[in-house]
Every structure is written in structure tokens, then in C-alpha cells.
Amino acid sequence: MWPPDADPEPDPESADRPRSGRTVPGLRALLPARAFLCSLKGRLLLAESGLSFITFVCYVVASASAFLTVPLLEFLLAVYFLFADAMQLNDKWQGLCWPMMDFLRCVTAALIYFVISITAVAKYSDGAYKAAGVFGFFATIVFAIDFYLIFNEVAKFLKQGDSVNEPTAHRTEGDDSNSDSDSD
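Add 24 to a position in the sequence shown, counting from 1, and you land on the number used in my numbering.
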């Protein structure tokens, strides 16, 4: 027991596994996959969460209690959507309209970041406010790119759905007109 043995007995389970790969399997499941983080959506969500966090820290330093809420909420929402997309919760929870929720999150974030960034840069002369305003403008651009890409994906999906339904609708109308002409 005490003092510990100089040569402890090796654990039989660890002999089969290499020492460099010793991690707790449950914790690894919480991390997003590298393939998702390298995708465009993953990079956008990482940029959104990073810029929101930096903007939040700048407002904390500037003691701007009026502006603290937006970056904090957007940081938490970006992290939530990062893990929701990485864990593919949109496939598991079919009742929620994930693209619409993500689109509304990005649109509102871009608009609110734009307004508070203009206010922070124009109204206050403190350096922390200016830095928060600049990072807020960068966040506005990233959120705008994200909602533009989401909008394009949804529009493409809706167009694809309309093109599938159009030929059957024309065929049905054509069949009805032929059946009327046959009855004469």
C-alpha cells in the first residue's frame, strides 16, 4: 500500500491499447468531428462563436452593461448550433425546422451586431468600445455570409422540390385533357 511499489503491476486492459491513445471514451464523443470542423459550416460556426466571445470580452472590459447581452447570447447560440450540427441533432430531432432556426439566428445576429457596432464606434471614445465595434463588424460579416449560404441552400432545395412536382402536375393536366377528348 504505502509507499507505492517501484514497479506497479501493469493493467491488463492498458497493455492492449497504446499509451498515446489513452482517453476517456465518453469525452471524445462530446467533441465535434474534425471533418465537420473543416467544412464551411463548421468554420463559419467557429468564427461566429470566436468573434462573439471576443466581442463579449471587449464589452466586459469597457464595462458596457447595455451591450453585453448580445455577444453572450450569440456566443452561446453559435456554440449550441456548432455542437447540434456536429452531433447531427437535426437528424435525431425531426420536429424542429433546423435551417429556419439557423437562418433566423444568423439574420437577427447580423442586424443586431451591425446596430450595436455602429453605436459602439460612433458614440464612445474608449478603446475597448472601438475594438468591440470592429469585432462586431467582423461578426456581422460572418453572420451575413452564413445566412446568405443558408438562404441559397433552402432556395435550391425548394426549387428542386418544385421541379420534381411540375412534370407530374403537367402530366396530370395532360391526362385529364386527353380523357376529355376521348369521351367525345
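Every residue gets a Cβ at the ideal spot worked out from N, C-alpha and C, and that includes glycine.
Remember, it's a predicted structure, so these values are computed and weren't measured experimentally.
- Excluding the 5 residues flanking it on each side, Ala134 has same chain C-beta neighbours closer than 6 Å at Thr164, Phe167, Ala168, in chain order.
- Counting only the Cα atoms, Phe99 lies some 19 Å from Tyr172.
- At the C-beta level, Ala156 and Ala90 stay beyond 8 Å of one another.
- By the neighbour-count criterion, in which 16 or more other beta carbons inside 10 Å mark a residue as buried, Asp170 falls on the buried side.
- It is roughly 22 Å from the alpha-carbon of Cys82 to the alpha-carbon of Val131.
- C-alpha of Phe138 to C-alpha of Ala146: approximately 12 Å in a straight line.
- Your pair Arg129 and Phe105 checks out as a contact, with CB atoms roughly 7 Å apart and the cut at 8 Å.
- Take the alpha-carbon of Trp117 and the one of Tyr153: they are about 40 Å apart.
- Take the alpha-carbon of Met111 and the one of Ser149: they are about 43 Å apart.
- Restricting attention to alpha helix (DSSP H) runs no shorter than 4 residues, the region 62–93 encloses them at 64–85, ordered along the chain.
- Ile78 and Cys121 have their C-alpha atoms spaced approximately 29 Å apart.
- In the same chain as Phe161, and ignoring 5 residues on each side of it, the C-beta atoms closer than 6 Å to its own belong to Ser141, in chain order.
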